[in-house]
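Peer 1: Here it is, the structure in full.
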Amino acid sequence: MSHTPFILASYLISTVVLLWAGLSPVINKRGLLRQLKNRRARMDKVQ
Amino acid sequence: MNPIYLFFHKTGSPPWFYRFSGRLIPWLWVGFAILTAVGLYQGLLVAPADYQQGESVRIMYIHVPAAWMSMMIYGLMAIMGFIALVWRIRIMEVMVISSAPVGAAFTIIALVTGSLWGRPTWGTYWVWDARLTSELVLLFLYFGVIALYNAYDEPRKAAKAAALMSIVGAINLPIIHFSVEWWNTLHQGSSIGTSGNSIHPSMLWPLLWMAIAFKFYYGANLLSRARVRLLKQDHRKRWVQDLLTEGKS
C-alpha cells in the first residue's frame, strides 16, 4: 500500500483547518469594523 | 512597582492589551512561518522513513504536535478560567473563549491525521480505543464550551459558564494522557517523556520544531480572536471610538 495519499491528505487537511482558523478572526474583524464605522456614520448624520 | 507585576496589571486593561497584542501578532506569525518551514523541511526531506511505519511516519510531524496542542490549550483554558472566576479579570474571560476554536482546530487535526496514519499502519481508520475516544471527548468539550458561551446573551455571564465548563472538563486531560497506561490500547505509549526518548534525533527535531511552531500559531490566533472579541464587547466605549477615529484599528 502506498503511503503517499495518506501523507498528502494529512498535510492538506491540516493546512485547510489552520488556514480557516487563522483567517476567520481577520475576516470577522473586517466585518465588525465596517459595521462599527457605518453605525458611526449614521449616528453622525442624525446629529 | 515590580516590572513583571506592572506588566500583568497593564494586561488587564483592554485598550493596552489591544495595542500591545496588535504589535505582537505579526512577530508571532513570522515565528510560526519560519519554524514551520524548518520543521517541514526536516520532517519531509531530511528525516528518514521509519523501519516499521515506512513513509507514513511523516504524518507524525503534524499529528503529535497537534495532539499536544489540543491538550495544552484546554489546560490553559482551565487555568485562565480559574483566574477569570476567582479574580474576575475580563481579559482572561475573553482568552478562555477565544482559545476554544483554536483548540478545537488542533483536536480535529490530531483526530483526522491520526485516522489517516492508522489506515496504513493499523489497517483501520478508527477504533474505539481509550486514547482515540478520550481525544474525541476533548473535541466535544471544546464544542461544548463554544456552544455554552453562545447560549447566553450577556458576555460576562457566558464567559463565567464557559470558564466553569473549562475547569470541569480538564478532568479529561489526565485521562487522555494516561489512557495508554491505564487501558490496553491499540495506540502506542509516549515516545517522548521526562525520563528519556525512544526516538532518533533526526525524527525528534522536526517534531519539536513543529511543536514550537504550533505554539506561535496559537499565540497569534488567540490574540487575533481576543482583539475581535474585545472590539465587539467594548464597541460603545471611548477607546474603541478613539480607535475608529484614528483609523488605527
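Chains as they are written, first to last, in my numbering: chain B, 1 to 47; chain A, 48 to 296.
For glycine and all other residues, C-beta sits at the position ideal for the given N, C-alpha and C.
At a CB distance below 8 Å, what residues from the region 238-267 of chain A approach chain B? Give them in sequence order.
Peer 2: Cβ contacts with chain B: Tyr264, Ala267.
Peer 1: Where does Asn268 (chain A) fall in DSSP's three states?
Peer 2: Reduced to three states, the DSSP call for Asn268 (chain A) is helix.
Peer 1: Quick check: what's the CA-CA separation for Ala84 (chain A) versus Ile51 (chain A)?
Peer 2: 33 Å
Peer 1: Under 7 Å Cβ to Cβ from Ser145 (chain A), same chain only, skipping five residues before and after it: list those, please.
Peer 2: Leu269, Arg272, Ala273, Arg276
Peer 1: Looking at chain B, is there any beta carbon in it that lies within less than 9 Å of the beta carbon of Arg272 (chain A)?
Peer 2: yes
Peer 1: Going straight from the alpha carbon of Trp237 (chain A) to that of Arg137 (chain A), what length do you get?
Peer 2: One detail in the question is off: residue 237 (chain A) reads as Ser in this sequence, not Trp. Spanning the two alpha carbons is a distance of roughly 37 Å.
Peer 1: Starting from Val85 (chain A), trace the alpha helix (DSSP H) in both directions and tell me its first and last residue.
Peer 2: 61-87
Peer 1: Closer than 9 Å, CB to CB, is Lys37 (chain B) near chain A or not?
Peer 2: yes
Peer 1: How many Å lie between Ile106 (chain A) and Lys37 (chain B) at the Cα?
Peer 2: Roughly 45 Å between the two C-alpha positions.
Peer 1: Using 8 Å as the cut-off, can you tell me whether the region 181-191 of chain A makes contact with the region 219-229 of chain A, which would need three or more C-beta pairs spanning the two stretches below that distance?
Peer 2: yes
Peer 1: With the cut-off set at 9 Å, would you say Asp281 (chain A) and Thr232 (chain A) are in Cβ contact?
Peer 2: no
Peer 1: Name the residues in the region 76-106 of chain A whose C-beta lies less than 7 Å from a C-beta of chain B; which are they?
Peer 2: Residues Gly101, Glu102, Ser103, Arg105, Ile106.
Peer 1: Taking its Cβ as the centre, do 16 or more other Cβ atoms sit within 10 Å of Gln89 (chain A), making it buried, or is it exposed?
Peer 2: buried
Peer 1: Three-state secondary structure (DSSP) at Asn49 (chain A)?
Peer 2: Here Asn49 (chain A) sits in coil by DSSP.
Peer 1: Let me see if you follow: with CB-CB separation under 9 Å, is Val46 (chain B) close to chain A or not?
Peer 2: no
Peer 1: Give a yes or no on whether the minimum CB-CB distance between Arg42 (chain B) and chain A is below 9 Å.
Peer 2: no
Peer 1: Kindly list, in the order they appear in chain A, the residues whose Cβ is closer than 8 Å to that of Leu12 (chain B).
Peer 2: Simply none; closest approach about 10 Å.
Peer 1: Select from the region 158-176 of chain A all residues with a C-beta closer than 8 Å to any C-beta belonging to chain B, and list them in chain order.
Peer 2: Listed by position, the residues of the region 158-176 of chain A near chain B (Cβ gap below 8 Å) are Val159, Thr160, Leu163, Trp164, Arg166, Pro167.
Peer 1: Check the Cβ of Leu18 (chain B) against every Cβ in chain E and list those closer than 8 Å, keeping chain order.
Peer 2: As a matter of chain content, chain E is missing from the structure shown, whose protein chains are B and A.
Peer 1: When the cut-off is 9 Å and only beta carbons count, does Ile109 (chain A) lie next to chain B?
Peer 2: The beta carbon of Ile109 (chain A) sits closer than 9 Å to some beta carbon of chain B.
Peer 1: Closer than 8 Å between beta carbons: that is the criterion. Which residues of the region 175-201 of chain A meet it against chain B?
Peer 2: none
Peer 1: Between Val141 (chain A) and Ala206 (chain A), is the Cβ-Cβ spacing less than 9 Å?
Peer 2: yes
Peer 1: Can you pull the chain B neighbours of Leu278 (chain A), defined as C-beta to C-beta under 9 Å?
Peer 2: Lys29, Leu32, Leu33, Leu36
Peer 1: Could you tell me which chain B residues have their CB closer than 7 Å to the CB of His234 (chain A), listed as they occur along the chain?
Peer 2: Residues of chain B passing the Cβ test: none, with the nearest at roughly 17 Å.
Peer 1: How would you list, in chain order, the residues of chain B whose beta-carbon sits under 8 Å from the beta-carbon of Val149 (chain A)?
Peer 2: What Val149 (chain A) touches in chain B: Ala21.
Peer 1: Between the C-alpha atoms of Leu82 (chain A) and Ala260 (chain A), what's the straight-line distance to the nearest angstrom?
Peer 2: Looking at the two C-alpha atoms, the distance is approximately 5 Å.
Peer 1: Is the shortest distance between the beta-carbon of Val287 (chain A) and the beta-carbons of chain B less than 9 Å?
Peer 2: yes
Peer 1: Alpha carbon to alpha carbon, how far is Leu251 (chain A) from Gly243 (chain A)? Give it in angstroms, no decimals.
Peer 2: 12 Å
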